[in-house]
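Accompanying notes for the structure given below.
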Amino acid sequence: MTDHVRSSLGSPHGGTLVDLLVPEQDRDKLTDEARNLPKLTVKERELSDLEMLAVGALSPLTGFQGEDDYRSILQTMHLSNGLAWTIPVTLSVDDEEAKRIGGADAVALTATDGGEPLALLQMSGVFRRDRETEAKSVFGTEDLEHPGVAALHAAGDLCVAGELRVLALPAHDDFVEYRLTPAQTREEFARRGWKTVVGFQTRNPIHRAHEYIQKCALEIVDGLLVHPLVGATKGDDVPAEVRMRCYEALFEGYYPKDRAMVSVFPAAMRYAGPKEAIWHAIARKNYGCTHFIVGRDHAGVGSYYGTYEAQEIFERFEPDELGILPLNFEHSFWCNRCEGMASPKTCPHGEEERVSLSGTKVREMLRAGERPPIEFSRPEVADILIDAMRGRDA
Ligand SMILES: [Zn+2]
């Protein structure tokens, strides 16, 4: 393990923050060039990856990955150059598309059929996906019920690799003020004088338990970045725009403005559990975080992963390979005897003293227009969720 690339705290993964956006003055010329190239429409999930690549969230990657890296990641959790990496970032095509663009040196990537080119991909190779190995390595299962495996099967058989030159970021009309790039979050941390920053990944509304975990982490660092994922999630997750309203209400009422901020993470959710925990941590390092919160069953779904697997996987890397420190947390709750938030690590009392509700129970209450206890959920957050549930059922 001595050939692994080392990484220092605070610097981007691999040492340099990637920026694939073509300089303003070259954009028109390249856009004209791109219009004459074969076009490839990028689907929603890979469009999120394109955006992540463009802004350097996936530094040091400079494009969609080729077969060497693909194989290396699946077999060793490292790029072919030895840098830690756990989930391949690929651009899928089917056989027909591959035939259509075959022989071209470059293709223009668009978000919609016949749309304006977003990026030029300098093709360096096309390879056949090894679905079985990929599913087992990334998701730990080949079960088609797993949303990540299902997405993998829906994607094309072939992958097109190559460096990207990005002409425009995918357009968004939501969360515009929250879409900070890694360069921008880094700048904001510096402006606030934060030297250590903990990142919190979330795809759920934040209840007291997660608020507690974030604030425990914040006690030992300078700043907190709540970084909700807003790319594709599975259909039964709470929609991003509802979640954002919850975060805003929570920040308004309960978070110190000079110590905490919200920005969005454009990635699509993989539900790859431990592998995604590492991938999420590396991306947050690129956004400038020095610490990363890993809860129980991070990025999990169903019962595919062990409760602590996403925490344990960090031990399989040398500490300076990742360059971001995981902060592991237990499930937390309000304890009536402790009269405060606690976890099994800090509270000696039994279940009967603890205010804990299952996800199903909480959804039931919200649907019935009932606020969960204030020890479980801030009333402002509960009200937003109640409203959203009503809207959905109506
Ligand atoms: Zn207690």
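Using my numbering, you'd call the opening residue of the sequence shown number 29 and step up by one each time. Just so you know, even glycine gets a beta-carbon here, dropped at the ideal spot from N, CA and C. Since the model is a prediction, treat every value here as computed from it, not as a measurement.
Rounded separation between residue i and residue j - CA only
i    : j    : result
V46  : G94  : 18 Å
G241 : F155 : The residue you asked about is not Gly; residue 241 is Ile in the sequence shown. Taking the straight line joining both Cα atoms gives about 43 Å.
M29  : A370 : With a pLDDT of 41 at M29, under the threshold of 50, the modelled position of this residue cannot be trusted, and the question is left open.
G42  : R55  : 27 Å
T224 : R214 : 11 Å
C317 : S360 : 23 Å
A160 : K71  : The residue you asked about is not Ala; residue 160 is Glu in the sequence shown. For E160 and K71, the distance between alpha carbons rounds to 22 Å.
T90  : D415 : 42 Å
M289 : Y283 : 9 Å
P294 : A277 : 21 Å
E74  : L119 : 6 Å
S108 : P88  : 13 Å
I341 : I306 : 8 Å
G38  : S165 : 29 Å
E239 : C363 : 15 Å
I101 : E162 : 9 Å
K285 : R324 : 27 Å
D250 : L208 : 19 Å
R220 : T169 : 43 Å
N64  : Q339 : 48 Å
N356 : T69  : 40 Å
I402 : D202 : 30 Å
P145 : D133 : 16 Å
C366 : S386 : 21 Å
G153 : V270 : 41 Å
I310 : R382 : 35 Å
L246 : E379 : 27 Å
E343 : V322 : 13 Å
A327 : V409 : 22 Å
L148 : D97  : 21 Å
V390 : L81  : 37 Å
R157 : L186 : 5 Å
M151 : V188 : 7 Å
L413 : D60  : 47 Å
Q53  : A136 : 19 Å
A237 : L78  : 33 Å
G131 : E349 : 38 Å
R273 : Q212 : 22 Å
L48  : L58  : 13 Å
P66  : I129 : 6 Å
P407 : F279 : 13 Å
E398 : G142 : 48 Å
A260 : F345 : 29 Å
D171 : M297 : 17 Å
V292 : P354 : 20 Å
Residue i, buried or exposed, once every other Cβ within 10 Å from all chains shown has been counted against 16
i    : result
P372 : exposed
A199 : exposed
H308 : buried
I352 : buried
A218 : exposed
A84  : A quick correction: the sequence has Gly, not Ala, at residue 84. Burial call: buried.
A422 : Any answer about A422 is weak, because its pLDDT of 47 lies below 50 and its placement is not dependable; what the coordinates show is given next. Label assigned to A422: exposed.
E173 : exposed
V204 : exposed
R418 : exposed
S331 : exposed
K127 : exposed
H377 : exposed
Q229 : buried
P15  : This structure cannot settle anything about residue 15, because the visible part of the chain is limited to 29 through 422.
K313 : buried
P347 : exposed
G281 : exposed
G368 : exposed
Next on the checklist: Does the stretch 107-116 come into contact with the stretch 292-312, if we say contact requires no fewer than three beta-carbon pairs (one atom in each stretch) closer than 8 Å?
Outcome noted: yes
Next on the checklist: I'd like to know if the stretch 243-263 and the stretch 382-397 are in contact, where contact means that at least 3 CB-CB pairs between them fall below 8 Å.
Outcome noted: no
Next on the checklist: Assess contact between the stretch 171-187 and the stretch 226-244, defined as three or more Cβ pairs (one per stretch) separated by less than 8 Å. Is contact present?
Outcome noted: no
Item to check | For ligand 1, residues whose Cβ lies under 6 Å from any non-hydrogen atom | outcome: Spelled out in chain order, the answer is C363, R365, C366, A370, C375, H377 and E381.
Item to check | Uninterrupted alpha helix (DSSP H) stretches inside the stretch 91-131 (no shorter than 4 residues) | outcome: If we require 4 residues or more, the alpha helix (DSSP H) runs fully inside the stretch 91-131 come out as 95-104 and 123-129.
Next on the checklist: I'd like to know if the stretch 255-274 and the stretch 187-197 are in contact, where contact means that at least 3 CB-CB pairs between them fall below 8 Å.
Outcome noted: Contact between the stretch 255-274 and the stretch 187-197 is absent, because fewer than three Cβ pairs lie under 8 Å.
Checklist entry - Which full runs of the beta strand (DSSP E) of 3+ residues lie inside the stretch 315-351, going along the chain? => result 319-322
Item to check | Continuous alpha helix (DSSP H) assignments of at least 4 residues falling wholly in the stretch 146-231 | outcome: Along the length of the stretch 146-231, whole alpha helix (DSSP H) runs at least 4 residues long occupy 159-162, 175-182 and 210-220, reported in chain order.
Checklist entry - Whole beta strand (DSSP E) runs in the stretch 358-389 with 3 or more residues, listed along the chain? => result Runs found: 361-363 and 368-370.
Checklist entry - What residue ranges within the stretch 57-93 form continuous alpha helix (DSSP H) runs of no fewer than 4 residues, ordered along the chain? => result 72-83
Checklist entry - Of all the beta strand (DSSP E) runs that stay within the bounds of the stretch 238-273, which reach a length of 3 or more residues? => result List check, beta strand (DSSP E) in window: 251-256.
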